[in-house]
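Participant: Per this note's numbering, the sequence shown runs over residues 393 to 751.
From the three backbone atoms N, C-alpha and C, an ideal C-beta is built for every residue, glycine too.
Dumping the structure here so I can ask a few things about it.
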Amino acid sequence: MNEQRIRTVRSNLAEMGLKQALFCDPTSIWYLTGYTTEPYERFFGLLVTADRTVLFCNNLFPDATGHADKVVTFNDTDDPVPLVAAELDAAALLGVDKDLTARWLLPLMDAGAAAGCKLASKAVDDARSSKDEEEKDLMRRASAINDQAMAWLAAQVKVGVTEHSIAERLLGEYRSLGAEDHSFTPIVSFGANAADPHHEPDETVLAPGDMVLFDVGCKYQHYCSDMTRTFFTAEPTERQLLVYNTVKQANEAAEAIVRPGVTFAQIDLTARHIIEEAGFGQYFTHRLGHQIGLVDHEPGDVSSTHDEPVREGQIFSIEPGIYIPGEIGVRIEDLLIVTADGCEVLNSYPHDATVLPLA
């Protein structure tokens, strides 16, 4: 159990007027206790109160002894609702997270297990948002592996190769570099497919002159990386180079203003204005970035409507893009850590326009 993280969550709950909260997100439970399991359809929860923690685990799960102040176990034929209710203060509000499904929440409410329920995901989301030194080091390592993987990906670009054939071999490369898994399904896009920001790799065959976009990430000891690079396979046209350099300028300008106190909205607008001034504003169709850590997209985005100031220790992506349907798609994405007086960019793979040689 991580006492510092538990203390932070308790402080956050107190600010929300809550004395107790039930968290069912397995990732957040691991973050707070160090205990991990995949519950599938079975109930799994962590109760945090002002003075104790209680883990609710099916007997099929690994032994959770020592991961909370109290462990309550049950079998498949047991109803966990009365077991949870017995640990609650029925006269107090209960904080719940977004992963507590109606299957369990409604029976708890019907049983009068608490005075009412209040969404309390933010109590853990806020704690997870600012990374400690160990987390930063793991994120650095995950991104270093991703840099190496990007070099491998660039070397796979050959005439006749398909998007799918590259994507399906990437996991083996990640594992050879020390990562455990993808952090999300890799995006490999040739030619006009790159104009779809979330294109899924298919049997499209690379043709000479196609632009190539890779958006990929791996998991290293629970922590995620995420990076996008776009390449040429022939000397770029004037228009292609204009689009590429506009995205590159937007990426680097946004990264340059990141420091504690600057708002997420200001960062987004810095990149957006550059793209708009170049005449491509209508083709930048998504927010500038997202926070990242134990999952690829954590709560808290880099968008024009997010007016909170960034804090030291937060990690998020900067990924401007221009997507002209049927023609061209360019995205350049880095991860960065907010430092005391600026930021540390985690990706070292170059931003420069690169023409890949075709064998």
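1) In chain order, what residues of the same chain have a beta carbon less than 7 Å from the beta carbon of L410, not counting five sequence neighbours either side?
2) For a test of the three-state rule: what should DSSP assign to E627, helix, strand or coil?
3) In the DSSP assignment, what residue or residues form a beta bridge with M501?
4) Would S740 pass as a contact of D539 if the rule is Cβ separation under 7 Å?
5) Suppose contacts are defined by Cβ-Cβ distances below 7 Å. Is D618 in contact with D688 by that definition?
6) Can you check which of these residues, L569, A584, P589, S568, is closest to P578 by C-alpha distance?
7) The alpha helix (DSSP H) spanning P776 covers which residue range?
8) Considering only the alpha carbon of each residue, which of A505, G673, D470 lies closest to Q412?
9) Kindly list the residues whose CB is nearer than 7 Å to the CB of V473, restricted to its own chain and excluding five residues on each side of it in sequence; keep chain order.
10) How big is the Cα-Cα spacing for F573 and S535?
11) Please return the same chain residues whose Cβ sits closer than 7 Å to the Cβ of T731, not counting the five positions on each side in sequence.
12) Please name the residue in F435, D455, L439, D443 whose C-alpha comes closest to that of D470.
13) Which residue's Cα is closest to the Cα of M603: T457, A546, L686, K611?
14) Could you tell me the alpha carbon to alpha carbon distance between T622 and L605, rounded to whole angstroms?
15) When we look at the beta-carbon of T493 and count the other beta-carbons within 10 Å, is it buried (16 or more) or exposed?
16) State the beta-bridge partners of K611 as determined by DSSP.
17) Which runs of the beta strand (DSSP E), 3 residues or longer, sit entirely within the segment 407 to 479?
18) Is L738 helix, strand or coil when you go by DSSP?
19) Where does D481 fall in DSSP's three states?
20) Using 8 Å as the cut-off, can you tell me whether the segment 635 to 650 makes contact with the segment 716 to 728, which would need three or more C-beta pairs spanning the two stretches below that distance?
21) Could you give the residue range of the beta strand (DSSP E) that holds G681?
22) Once DSSP output is grouped into helix, strand and coil, what is the label at V580?
23) Counting C-beta neighbours from all protein chains within 10 Å, is the total for E627 16 or more, i.e. buried, or is it exposed?
24) Specify the secondary structure class of K523 as computed by DSSP and reduced to three states.
25) Give a yes or no on whether the C-beta atoms belonging to A483 and A507 are separated by under 7 Å.
26) Taking the alpha carbon of E592 as the point to measure from, which residue in P742, V463, D607, R567 has its own alpha carbon closest?
27) Mind checking which residues open and close the alpha helix (DSSP H) that includes S557?
28) To which residues does DSSP link D693 through a beta bridge?
29) Does the separation of the CB atoms of T429 and P454 fall below 7 Å?
30) Using the Cβ count rule (16 or more neighbours within 10 Å means buried), how would you classify A586?
31) Less than 7 Å between the beta carbons of I707 and I729, yes or no?
32) To the nearest whole angstrom, what separates the beta carbons of I667 and T638, a pair I think is in contact under 8 Å?
33) For the candidate residues R664, G671, P717, F672, whose alpha-carbon lies nearest to that of G697?
34) Can you tell me whether R402 is helix, strand or coil according to DSSP?
35) Taking R397 as the reference, give the member of V464, C610, I421 with the closest Cα.
36) Buried or exposed: where does L524 fall if 16 or more other Cβ atoms within 10 Å of its Cβ makes it buried?
Facilitator: Working from what's here:
1) L485, G487, K510, A512
2) coil
3) Its beta-bridge partners do not exist; DSSP assigns none.
4) yes
5) yes
6) P589
7) The first residue shown for the chain is 393 and the last is 751, placing residue 776 beyond what the model contains.
8) A505
9) W496, P499, L500, A503
10) Checking the sequence shown, residue 573 turns out to be Asp, not Phe. Near 13 Å, if we compare the C-alpha coordinates of S535 and D573.
11) E704
12) F435
13) A546
14) 4 Å
15) exposed
16) D573, C616
17) 412 to 415, 437 to 441, 445 to 450, 462 to 466
18) coil
19) coil
20) yes
21) 681 to 683
22) strand
23) exposed
24) coil
25) yes
26) D607
27) 555 to 568
28) H682
29) yes
30) buried
31) yes
32) 6 Å
33) Strictly speaking, residue 697 in this sequence is Thr, with Gly absent from that position. Ranking the options by Cα distance to T697, first place goes to R664.
34) helix
35) I421
36) What sits at residue 524 in the sequence shown is Asp, not Leu. Exposed.
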